[in-house]
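Asks: Residues 390 to 892 in this note's numbering are what the sequence shown spells out, letter by letter.
Glycine included, each C-beta is placed from N, C-alpha and C at the ideal position.
Since this is a predicted model, take the numbers as computed values, not measurements.
Sharing a structure with you now.
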Amino acid sequence: MATEYDVVVIGAGNAGLTAAATLARKGARVIMLERHNIPGGCATSFCRGRFEFEVSLHQLSGMGTPEFPGPLQGLLQGLGVRDKLEFVRMEDLYRVMVPGRLDLVLPADKGGVIGALQGRFPAERENIGRFFDLVYRFFSEVISAFYMKDPEVTPEKYPLYFKYAFRDAQSVLDAHFTDPLLKLAVGIYWCYMGLPPRLLAFGDLAAILFAYIELKPCHIKGGSQTLSNAIVDSFIGNGGHVRFNCGAEKIIVRDGAVRGVVTEHGDQITTRYVLSNASPITTFLELIGRDDCPAVALDELKGASYSTSFFTIFAGLRCEPEAVGIAEATNFICAQTDFDRDFALTRTLDCDESAFIMSCYDVSDPGFSPPGACQCAIVAMKYAEPWLQVPPERYAAEKYRCAEAILRRVEAHFPGFREQIEEIEIATPLTHLRYLAQPGGSPYGFEQHVKDSSFFRSPKPPLKGLYCAGAWYGQPGYQPTLASGVAAARAILREMKAQEVKP
């Protein structure tokens, strides 16, 4: 193995992969270190019996349509992997259910969403129209101001952005709607962000609604592991080196700048640039250490809290989805309409009332599972702390008790589900902690409060030669993290070019 590289990438999650591939395609000498034996981080799969279970992807945003390609199309094309992947479009956004009170499917287009909501809530017909008009006009301003990089972003030019961007989503929902069931139906995507609307910026809720409605939700043929493998192949094909089962032990810092990386096996790599896909807690406190860590980085960590993890049931069924009444790929199942109550339950072991998501990829992709079978991922948001308090001798019993509570509720909506289970695997937040090696087992990174917007963070690296990317440094989700890796790689390339032209 060579001992000197232009860039060392730590972690082969979404952002680490796209950063490494971008750098390699531009001719940089890059090595990527990954502690796991496969690439992907959250974007991966595992096998049980005849099933290959998808770990994390519910709905991919950003691909767009053939007529209107989304930003993710161009990103994947730029990495040389677009033509190696097949995407399956989902016709609906989701089905949202509250037992005995609400059962509604929202199509994946603006007119369909508005029509479905107005049909179910006729008394709020005008309110629904006004809300989605606001979402679209607001996000049009976001596109013009930031995606098109307008040099003059002023309140006069972008009044909706300055009025609503940092308002909490709950206050905007309350200003438009009176029926709590309607608020739930519109705001349920908060589960993809990890914070309830009261703590979530309206700009984030508007962005996710706009992205899925206009750019359409989709899934990857073969699952997210196919995406991760394709990017690694592109990276290696362009001269990149990757070491699996080999994490980073230390980032060497001298004179306020990155000088190298020591692997967990004791190998020392000389470099001037490090791209960390690990969390800031791992990067600054463990890999760099307090003595060499810039004060500004430590200050940012003091006010941050990591987000929720998950309690997940992976179920392989010996039947096709329609046999148990599963008609939608994405299903949100809630016990009540109180967002804050649902969020409070994420800090408990209780699963009797917790909101959960059930994804069945075979609805949109009939070939996803073996013939005559299907698989479901059932996910409840849960923080790690309550699970860390469970005594080891009680852990298995508690895990199965919680799974039983969720399966009872699934059975109530989809009769016959339980008797069709052929394979089942249960993952608690501690499972996610083990495999992700992220604080709290959180795929979402830090909690994305209004005050934690990336607009309030300095884009300048806190340490010369150190760049970071991923959910911990911006927005969670596949599209944002894939894009963040490319952005960080471009920043490194600009700096490398600037250093070349210096006298």
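Secondary structure at VAL470, three-state DSSP: helix, strand or coil?
Replies: Walking along the sequence shown from the start, residue 470 turns up at place 81. Reduced to three states, the DSSP call for VAL470 is coil.
Asks: Can you give me the start and stop residues for the alpha helix (DSSP H) that GLN614 sits inside?
Replies: For the purposes of this step, residue 614 is taken as residue 225 along the sequence shown, with counting starting at 1. Taken as a continuous stretch (DSSP letters only), the alpha helix (DSSP H) holding GLN614 covers 613 to 626.
Asks: Excluding the 5 residues preceding and the 5 following GLY405 in the sequence, name in chain order all residues of the same chain whose CB lies nearer than 6 Å to its CB.
Replies: Along the sequence shown, read from residue 1 onward, the residue named residue 405 stands at position 16. The residues are VAL398, ASN666.
Asks: Find out if the Cβ-Cβ distance for the pair ALA413, GLY649 is shorter than 8 Å.
Replies: The residue you call residue 413 lines up with position 24 of the sequence shown. The residue you call residue 649 lines up with position 260 of the sequence shown. No, the pair does not count as a contact, with Cβ atoms beyond the cut-off.
Asks: Within this structure, are the beta carbons of LEU562 and PRO586 separated by less than 8 Å?
Replies: Translated into positions along the sequence shown, residue 562 becomes position 173. Translated into positions along the sequence shown, residue 586 becomes position 197. Against a cut-off of 8 Å, the Cβ pair of PRO586 and LEU562 comes out as a contact.
Asks: Is ASN720 helix, strand or coil by DSSP?
Replies: Numbered from its first residue, the sequence shown carries residue 720 at position 331. In this structure, ASN720 counts as strand in the three-state DSSP scheme.
Asks: Let me know the beta strand (DSSP E) ranges lying completely inside the stretch 691 to 762, each 3 residues or longer, listed in chain order.
Replies: 698 to 706, 719 to 722, 745 to 748
Asks: Could you compute how far the alpha carbon of PRO892 sits from the alpha carbon of LEU664?
Replies: Looking up residue 892 in the sequence shown gives position 503. Looking up residue 664 in the sequence shown gives position 275. Low confidence applies to PRO892: its pLDDT is 48, below 50, so where it sits in the model is not reliable, and the reading given next is rough at best. Using only the alpha carbons, I get a separation of about 26 Å.
Asks: Are the stretch 449 to 465 and the stretch 721 to 731 touching by the rule of at least three beta carbon pairs closer than 8 Å?
Replies: no
Asks: What three-state label does DSSP hand PRO892 in the structure shown?
Replies: For the purposes of this step, residue 892 is identified with residue 503 of the sequence shown, where counting begins at 1. Summary for PRO892: the model assigns pLDDT 48, below 50, so the residue's position carries little reliability; its value from the coordinates is reported in the next sentence. Coil.
Asks: Could you check the C-alpha separation between PRO760 and GLU811 for me, to the nearest Å?
Replies: Here residue 760 refers to the residue found at position 371 of the sequence shown. Here residue 811 refers to the residue found at position 422 of the sequence shown. Straight-line Cα distance between these residues: approximately 14 Å.
Asks: Are the beta-carbon atoms of GLU513 and LEU598 separated by less than 8 Å?
Replies: As a working note, residue 513 is residue 124 in the sequence shown. As a working note, residue 598 is residue 209 in the sequence shown. Taking 8 Å as the Cβ cut-off, GLU513 and LEU598 do not qualify as a contacting pair.
Asks: Just confirm the distance between the C-beta atoms of PRO832 and LEU825, as a whole number of angstroms; I'd bet it's less than 8 Å.
Replies: Translated into the one-based positions of the sequence shown, residue 832 becomes position 443. Translated into the one-based positions of the sequence shown, residue 825 becomes position 436. About 7 Å; that satisfies the 8 Å criterion.
Asks: May I have the straight-line CA-CA distance separating ILE881 from PHE520, to the nearest angstrom?
Replies: The residue you call residue 881 lines up with position 492 of the sequence shown. The residue you call residue 520 lines up with position 131 of the sequence shown. Annotation: ILE881 to PHE520 spans about 41 Å, alpha carbon to alpha carbon.
Asks: Under three-state DSSP, which class holds GLY405?
Replies: Position 16 of the sequence shown, counted from the first residue, corresponds to residue 405. Note: GLY405 maps to helix in three-state DSSP.
Asks: Suppose the cutoff is 7 Å on Cβ atoms and the five residues either side in sequence are ignored; what does the same chain contact list for THR433 look like?
Replies: For the purposes of this step, residue 433 is taken as the residue at position 44 of the sequence shown. These residues qualify, in order along the chain: ILE427, VAL444, SER613, GLN614, SER617.
Asks: Apart from the five residues on each side of it in sequence, which residues of its chain come closer than 6 Å, Cβ to Cβ, to THR407?
Replies: Position 18 of the sequence shown, counted from the first residue, corresponds to residue 407. Excluding positions up to five away in sequence, the list reads LEU871, GLY874, VAL875.
Asks: On the premise that SER694 lies in contact with GLN827, defined as a C-beta separation below 8 Å, what is that separation, rounded to the nearest angstrom?
Replies: For the purposes of this step, residue 827 is taken as the residue at position 438 of the sequence shown. For the purposes of this step, residue 694 is taken as the residue at position 305 of the sequence shown. Not really, about 14 Å apart at Cβ, beyond 8 Å.
Asks: Give the C-beta separation of THR660 and VAL396 to the nearest angstrom, bearing in mind that I take them to be a contact with Cβ-Cβ under 8 Å.
Replies: As a position in the sequence shown, residue 660 is number 271, starting the count at 1. As a position in the sequence shown, residue 396 is number 7, starting the count at 1. Right, the Cβ-Cβ distance comes to about 6 Å (below 8 Å), so this counts as a contact.
Asks: Can you list the beta strand (DSSP E) stretches of 3 or more residues lying completely in the stretch 461 to 506, in chain order?
Replies: Those beta strand (DSSP E) runs which fall completely within the stretch 461 to 506 and span 3+ residues are 476 to 478, 481 to 487, 491 to 496.
Asks: If you scan the stretch 550 to 596 from start to end, which runs of the alpha helix (DSSP H) of 4 or more residues do you find wholly inside it?
Replies: 558 to 565, 569 to 576
Asks: For SER665, which beta-bridge partners are listed by DSSP?
Replies: For this step, residue 665 is matched to residue 276 along the sequence shown. BP columns for SER665 point to ILE399, CYS857.
Asks: Mind checking whether SER743 and ASP751 have CB atoms under 8 Å apart?
Replies: Reading the sequence shown from its first residue, position 354 is the one you call residue 743. Reading the sequence shown from its first residue, position 362 is the one you call residue 751. Result no, Cβ atoms of SER743 and ASP751 do not sit closer than 8 Å.
Asks: Going by Cα to Cα distance, which pick from ARG798, ALA558, ARG879 is closest to HIS838?
Replies: Numbered from its first residue, the sequence shown carries residue 838 at position 449. Cα-wise, what sits closest to HIS838 is ALA558.
Asks: Which same chain residues end up closer than 6 Å to LEU594 when comparing Cβ atoms and leaving out the 5 residues on each side of it in sequence?
Replies: Here residue 594 refers to the residue found at position 205 when the sequence shown is read from its first residue. Cβ neighbours of LEU594 beyond the five flanking positions: ALA558.
Asks: List the DSSP bridge partners of HIS838.
Replies: For the purposes of this step, residue 838 is identified with residue 449 of the sequence shown, where counting begins at 1. Answer is LEU589.
Asks: So MET582 packs on PRO865, CB below 8 Å; how close in whole Å?
Replies: Here residue 582 refers to the residue found at position 193 when the sequence shown is read from its first residue. Here residue 865 refers to the residue found at position 476 when the sequence shown is read from its first residue. Rounded, the Cβ-Cβ distance is 7 Å, consistent with contact.
Asks: Indicate whether the contact test is met: 3 or more Cβ pairs, each with one atom in the stretch 789 to 806 and one in the stretch 474 to 484, closer than 8 Å.
Replies: No: fewer than three Cβ pairs fall under 8 Å.
Asks: DSSP three-state call for GLN868: helix, strand or coil?
Replies: Within the sequence shown, the letter at position 479 stands for residue 868. Helix, per DSSP.
Asks: Within 10 Å of its beta-carbon, does LYS886 have 16 or more other beta-carbons around it, so buried, or fewer, so exposed?
Replies: Locating residue 886 in the sequence shown gives position 497, counting from the first residue. Result: exposed.
Asks: Mind checking whether GLU799 and MET747 have CB atoms under 8 Å apart?
Replies: Within the sequence shown, residue 799 is the residue found at index 410, counting from 1. Within the sequence shown, residue 747 is the residue found at index 358, counting from 1. Looking at the sequence provided, one finds Val at residue 799 rather than Glu. Yes, these two residues count as a Cβ contact at 8 Å.
Asks: Going by the beta-carbon positions, is the gap between PRO459 and GLY451 smaller than 8 Å?
Replies: Here residue 459 refers to the residue found at position 70 when the sequence shown is read from its first residue. Here residue 451 refers to the residue found at position 62 when the sequence shown is read from its first residue. First, the amino acid is wrong: residue 459 is Gly here, not Pro. Yes.
Asks: Apart from the five residues just before and just after PHE624, which ones in its own chain have a Cβ nearer than 8 Å to its Cβ?
Replies: Numbered from its first residue, the sequence shown carries residue 624 at position 235. These residues qualify, in order along the chain: LEU406, ALA409, ALA410, ALA413, VAL419, MET421, VAL631.
Asks: From what residue to what residue does the alpha helix (DSSP H) around PHE440 run?
Replies: Residue 440 sits at position 51 when you count from the first residue of the sequence shown. Counted as a single uninterrupted DSSP element, the stretch harbouring PHE440 is not any alpha helix (DSSP H) but the beta strand (DSSP E) occupying residues 440 to 443.
Asks: Over what stretch of residues does the alpha helix (DSSP H) that includes GLY649 continue unbroken?
Replies: Locating residue 649 in the sequence shown gives position 260, counting from the first residue. First-last for GLY649: 646 to 652, but that is the beta strand (DSSP E), not the alpha helix (DSSP H).
Asks: One question on the structure: do PRO606 and GLN448 come within less than 8 Å of each other, judged by their Cβ atoms?
Replies: The residue given as residue 606 occupies position 217 in the sequence shown. The residue given as residue 448 occupies position 59 in the sequence shown. In this structure, GLN448 lies closer than 8 Å to PRO606 by Cβ.
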